[in-house]
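Student: Residue numbers (the numbering used here), protein chains in the order written: chain D, 8 to 375; chain V, 8 to 175; chain G, 3 to 149; chain R, 147 to 553. Beta carbons: idealized from backbone N, C-alpha and C, even for Gly. If you scroll down you'll find the structure; I have some questions about it.
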Amino acid sequence: MTIRTEPMTVNVGPQHPSTHGVFRVRITFDGEDIVEVEPVFGYLHRGTEKLAEERNYVQVVTLTDRLDYTSSMINNQAYCIAVERLLGVEPPPRAKYLRTLTAELQRIAAHLIAVGFFVQELGAFGTPLMYAFRSRERILELFEMLCGARITVSYMRPGGVFADAPREFWPALDRFLEDFEVEFAEMEQLLLENEILMIRTRGVSPIPPEVAVNNSVSGPVLRASGVNWDWRKQDPYDAYDQVEFDVPVGSHWDNYDRFWVRIQEVHQSLRIIRQCIEQIEPGPARLELPLVLRPDPGREAYGRVEASKGELAFYLVSDGGIAPYRCKIRSPSLINLTIIEELLVGWKLADMIVSLGSIDINMGEVDR
Amino acid sequence: MQLPTGNGPLHERTWGIDREEGQMVNDLISISSEPIEVPFIEVPDDLKSNLLVTSVDALVNWGRKSALWPVSFGLACCAFEMMATAMGRFDIARFGMEAFRASPRQADLMIVAGTVTWKMAPPIRRIYDQMADPKWVISMGVCATSGGPYFGSYSVVPGVDHIIPVDV
Amino acid sequence: MAVREWAGQELSEALRRELPEAVEGFDETAAWVNPSQVGAAAIFLRDEPSLDFRFLNSITAIDYVEYFDVVYHLTSLKQQWCAVFKTRLYGRQDLSLPSVYQVWKGADYQEREIWDLMGVYFEGHPNMKRIMLWEGFEGHPLRKDFL
Amino acid sequence: MSCQLAADNVLYANGLYRLVYDLVGTILPCWLSYVIAGLVMIFVLVNAVLLGAAVITWAERRLLGRFQNRVGPNRWGPFGLFQPLADLLKLLTKEDLTPDGADKPVFALVPILMVAPLVMMTAVIPFAENTSLAALNVGVLYILAVSSITSIAIFMAGWSSNNRYAMFGAARSVAVLISYEVPVVLSLLGVVMVAASMSLGSIVEAQVLPFFLVQPLAFFVFMAGMSAELNRSPFDVAEAESEIIAGYHTEYSGVKFALIQAAEFGGVGVVSAIAATLFLGGWSGPWSEYLGWLWFLIKTGAIVFLFIWFRATYPRLRIDQIMAVSWKFLLPLSLVNLAAVTLEVFLLRGPEGVLTTGDLGIMAVINVVVTVVAIWVFGNLIRDRVKFQARQPSDVVVPGVTTIEVH
């Protein structure tokens, strides 16, 4: 006797506990196996690009905070670099180091969230996530000292940073680095060699490098696929040409590697932060720029950084006015999602959640 | 949800659903130009002094207050602050609130954390309807309350109280 | 070891050798490509080993009221260089361009987004649904004449 | 004193029952006192289970807080002990929704069917010497039979909810329950064989040396199997919150949800009690005549703690891996245990068929070795080797960048 089966179409999201916000995907299942997927976006589409055309160059910084709300600092950085390229100016060295330092702190925070939720989606009941948030709170405290905000920082401005770090910031940073070593080692001990984590993620959803490149994937996902491409190395901005660090790459291209690459990047970020603390020298933290910026008409600039999710770029076009004529945001989360079919089809429902977690999308950035 | 039938890739079969949902969004925009008033419940005077009713009420209210389970429903940036409240540092578990229920049927409190877009409005409305009484809504942050920095955008709801009644 | 950025002239000359009818000119940073030839140019740019632009960074459309510019940013990971090419579409109604979906799959969502927000249709894209906004939304919000 | 309880009644040994029966029997007819005494017993049982569930929810929330660097509920009452009370009050006064298109009678029946087996299982557990409500001589068999009702209830919940996530949860849960029943039964066979009885009371008495030392393999299989049957981590696929919302009870709210939750946490308590009885020696301990209940509670608490610890530590397995663990790992292990125990009992028992303490000691030594070897052998056999080899780096790799690679 054969049992008649039929595929079942399920709508996952927009309100689903582990789709990272309001992502929605329609999936056809055959039993528990995924046959077809169709992602549906736009549940957080706020029209950032249109609003940016109505505000002046400095005000747009506040909008960039809310793109990828787990790494606001890096968003600020990308936008400021684009504006600086548009104006043809360079920030002073101290500002460069401060930017690099805060961006790396933010990268640690973002990767902690990514790793925490990745394991949460594997089914751990909150413990790794709590560990991750414990360290993240410390980083947010440091940000509070710098600019008074925890998430929507708006710390960087075109031409430097909003203000130099207060005197209390440096000892606090040292204390954080000291404690974080211990806390992170604890978390690694819990996760890296965990047998269940290994069998759930090893060999699941591999993305070959050719596919990844053709799909314009960037960031840790691309590096986990075995391509050692990191814009911090290839096109050093701010102070990244002054510091040394390695690029972790995966050799199995699977979910575990995407997880592992993030863990290793946290170590590299710590290295960068240490070097920044050593190399930073007193000086102005902001370039004197007019209050209202007016770049020359017809100029355009493509400013990009290696954000925690991948290549984040702002493409600005100026018409000589006080607001950008066009502000295109190349968001890594959206474009990394292009591989969703390769990632999900043929795997199981439980793997789907984990794979989505492993590419670490952020809806603020996907929908903008 | 109607099962998509027919042949071809999934995204072609779902055109009908997309159109329906788009229609729903447009309908909702047309009917929600004004904020929804929250009805104020007047307690009759003769009930106020009733010993039995008040003490049971006090007990029940204490129970409701001390075990307020939010639905895990994050929209944007504020969702991360909402999660942070459940984590080690702020720990709303102390007040018995840590049980973030994924199913709206089992939750009492909906924290609208983040910008509400018109496309998201019908799902919010639906989740609110699915929650069992008594239920409360918190509008967290300026984006949810009035649109905030996105006020005036073509796709953002100017305040979640246009869609569902908000308590806080 | 910074990435080298190609000047517009350099790219246009490289293109002109193989596809003379595709190139319309160049400016400081970008080569201008004939809109109907975008597909052919894309395949050439990706597959020619001396160019090797296998990574598509982004596609952008800009509304200049009389015409639309569509900008393609490319990178070669192996050779470590970047280039930009642009194409210009005149008019405001029924705009269409050949899709590069088959060349770079990374163009998928970006082309859909441009269709949704700018109203430039991409021929040959398998799924030209609205991506950000809902079905039944009127107009294309990123156009300058919206609102 | 008009009524006399027959000596062959299963409740004869129960002091409380006899007390109620005799008291009521003095004024009312015998059949009525029989019923009333039964109702009293049921009342006690239901309360024991629900109270146990409440305490376990509290313990779980506090302990999870502890594991996760936070405090946990501490505002209401001493140490937050009133927290379950608040939960209960709130859930009782909440609207009771039945989804449109649900199979209403089945939907309403589920919570009752979830709690009932637990209450029934509690009836045979000896809390101290001679305190089990019904000293059944087929206790183990009875527990196994009754506990399988839960799988039907779960499937009913998934089916009647008219929700696809619930259906997913139910299908997964039933698959898990059925496949884990087999190793659990086999592991219990070893216990029964050594104790030479199916009555829980006699099993406790037979544990001069606790059975988790005598049969560590059986204990391991039983704990793994039971955490699967209880839908506890790492086998909690049936209500995998990050995957399928809340699994089979997605659509339940209010009182029904409260009952399902109670059944879930009560289940943990009951299973821990059974494990404590079967493997940790139940109420036996120093001064067990007076402090038996304390020993029993301590041992049960230890196992509850173990379950909570698992939950705080482990991620979840995938459904096919769970099945693989059951059929490829636990089943062989339980068979090994059964074979070893059979041989040992056959060789060691005395002429009149009893095992002495010394015999148990010898068995313990042998079985510890067998356990370590068997777990190592089978653990290496089932390890998934497919799909996991390092691949060649592709030609898109950029030269001249220092990299670190995954080992």
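1) Would you check if the distance between the CB atom of D245 of chain D and the CB atom of T107 of chain D is smaller than 8 angstroms?
2) I want to verify the contact list: residues of chain D whose CB lies under 9 angstroms from the CB of D382 of chain R, in sequence order.
3) Roughly how many whole angstroms lie between the Cα atoms of I133 of chain G and Y311 of chain R?
4) Mind checking I444 of chain R: buried by the 16 CB within 10 Å criterion, or exposed?
5) Counting only runs of 4+ residues fully inside the stretch 79-164 of chain D, write out the alpha helix (DSSP H) ranges in chain order.
6) Should P141 of chain V be flagged as near chain R, meaning a C-beta pair shorter than 8 angstroms?
7) Any idea which residues DSSP pairs L99 of chain G with across the strands?
8) Compute the Euclidean distance between the alpha carbons of L234 of chain R and G70 of chain V, then round it to the nearest angstrom.
9) Along chain D, in chain order, which residues have C-beta atoms closer than 9 angstroms to that of V157 of chain V?
10) Just to confirm, is the Cβ distance from I43 of chain V to P172 of chain V under 8 angstroms?
11) Quick one: what does DSSP say D186 of chain D is sitting in, helix, strand or coil?
12) Check the Cβ of K72 of chain V against every Cβ in chain G and list those closer than 7 angstroms, keeping chain order.
13) For R145 of chain D, collect the residues of the same chain with a Cβ closer than 8 angstroms to its Cβ; drop the 5 residues on either side in sequence, then sort them by chain order.
14) Can you tell me whether D242 of chain D is helix, strand or coil according to DSSP?
15) Strictly below 7 angstroms CB to CB, what residues from chain D border Y460 of chain R?
16) Less than 7 angstroms separating the Cβ of A422 of chain R from some heavy atom of the ligand COA?
17) Which residues in chain R sit within 9 angstroms of Q30 of chain V, going by Cβ to Cβ distance?
18) Can you tell which of G:H142, G:R19, G:E20, G:E7 has the C-alpha that lies nearest to the C-alpha of L97 of chain G?
19) Quick one: does I465 of chain R have its CB under 8 angstroms from some CB of chain D?
20) When you compare only the Cα positions, how much space is there between Y247 of chain D and I287 of chain D?
21) Less than 8 angstroms between the beta carbons of V299 of chain D and I270 of chain D, yes or no?
22) Could you tell me whether any Cβ in chain R is nearer than 8 angstroms to the Cβ of D115 of chain V?
23) Determine, using beta-carbon pairs with one atom in the stretch 219-239 of chain D and one in the stretch 479-495 of chain R, whether at least three such pairs fall under 8 angstroms.
24) At a Cβ threshold of 8 angstroms, is N213 of chain R touching chain D?
25) In three-state DSSP terms, what is M15 of chain D?
26) Rounded to whole angstroms, what is the Cα-Cα separation between L405 of chain R and V261 of chain R?
27) Classify A448 of chain R as buried or exposed, calling it buried when 16 or more other Cβ atoms lie within 10 Å of its own Cβ.
28) Cβ of G371 of chain D less than 8 angstroms from any chain V Cβ?
29) Got a sec, what are the start and stop residues for the beta strand (DSSP E) R90 of chain G sits in?
30) Check whether the stretch 426-442 of chain R touches the stretch 481-490 of chain R, taking contact to mean three or more Cβ pairs, one atom from each stretch, closer than 8 angstroms.
31) Looking at the C-beta of F191 of chain D, does it have a partner C-beta in chain V at a distance below 8 angstroms?
32) Return the first residue and the last residue of the beta strand (DSSP E) that H75 of chain G is part of.
33) Given that W22 of chain V touches chain R, what residues does it touch there, using C-beta distances under 9 angstroms?
34) Could you give the C-beta distance for T77 of chain D and N369 of chain D, rounded to a whole number, given that I count them as a contact under 8 angstroms?
35) Applying the 10 Å Cβ sphere with the 16-neighbour rule, what's the burial state of T172 of chain R?
36) Closer than 8 angstroms, Cβ to any Cβ of chain D: which residues of the stretch 197-213 of chain R, in chain order?
Tutor: Quick look at the numbers:
1) Yes, the pair counts as a contact, with Cβ atoms nearer than the cut-off.
2) G130, F132, listed in chain order.
3) The alpha-carbon atoms of I133 of chain G and Y311 of chain R are separated by roughly 26 angstroms.
4) By the neighbour-count definition (other C-beta atoms within 10 Å, threshold 16), I444 of chain R is an exposed residue.
5) Fully enclosed alpha helix (DSSP H) runs of no fewer than 4 residues occupy 79-94, 100-129, 134-154 of the stretch 79-164 of chain D, in order along the chain.
6) Judged by the 8 angstroms Cβ criterion, P141 of chain V is in contact with chain R.
7) Beta bridge pairing from DSSP links L99 of chain G with G:F124.
8) Answer to the nearest angstrom: the Cα atoms are 8 angstroms apart.
9) According to the sequence displayed, residue 157 of chain V carries Tyr and not Val. Close to Y157 of chain V, with beta-carbon spacing below 9 angstroms, are these residues of chain D in chain order: R53, G54, T55, L58, L70, R73.
10) Contact flag set, yes.
11) In the structure shown, D186 of chain D sits in a helix (DSSP, three-state: H, G or I).
12) Within chain G, no residue has its beta carbon less than 7 angstroms from that of K72 of chain V; the closest one is some 39 angstroms off.
13) Cβ neighbours of R145 of chain D beyond the five flanking positions: F183, D186, F187.
14) Secondary structure of D242 of chain D (DSSP, three-state): coil.
15) Result: A131, I203.
16) Among the components of this structure there are no ligands whatsoever, and the ligand COA is therefore not found.
17) Contact annotation for Q30 of chain V against chain R: no contact, minimum CB-CB distance about 21 angstroms [criterion: below 9 angstroms].
18) The alpha carbon of L97 of chain G has as its nearest neighbour, out of G:H142, G:R19, G:E20, G:E7, the alpha carbon of G:H142.
19) Contacts with chain D at 8 angstroms (Cβ-Cβ) include I465 of chain R.
20) If I take the Cα positions, the gap works out to 13 angstroms.
21) In this structure, V299 of chain D lies away from I270 of chain D, with their beta-carbon atoms at least 8 angstroms apart.
22) Yes - at least one Cβ of chain R is within 8 angstroms of the one on D115 of chain V.
23) No, the stretch 219-239 of chain D is not in contact with the stretch 479-495 of chain R.
24) The displayed chain sequence assigns Phe, not Asn, to residue 213 of chain R. By this cut-off, F213 of chain R is an interface position.
25) Strand.
26) About 7 angstroms.
27) Of the residues assessed, A448 of chain R falls on the exposed side of the cut-off, its CB having fewer than 16 other CB atoms within 10 angstroms.
28) Taking Cβ atoms only, chain V reaches closer than 8 angstroms to G371 of chain D, which makes this a yes.
29) 83-92 is the extent of the beta strand (DSSP E) around R90 of chain G.
30) In short, these stretches do not touch, since the Cβ pair count stays below three.
31) False, the Cβ-Cβ gap to chain V never drops below 8 angstroms.
32) Looking at the DSSP string, the run of the beta strand (DSSP E) that includes H75 of chain G is 69-78.
33) Those within 9 angstroms of W22 of chain V in chain R number zero; the least Cβ separation is about 22 angstroms.
34) Going by Cβ atoms, the distance from T77 of chain D to N369 of chain D rounds to 6 angstroms, so yes, they are a contact pair.
35) Taking all protein chains in view, the Cβ of T172 of chain R is surrounded by fewer than 16 other Cβ atoms within 10 Å, so the residue is classified as exposed.
36) Residues passing the 8 angstroms Cβ filter: L210, F213.
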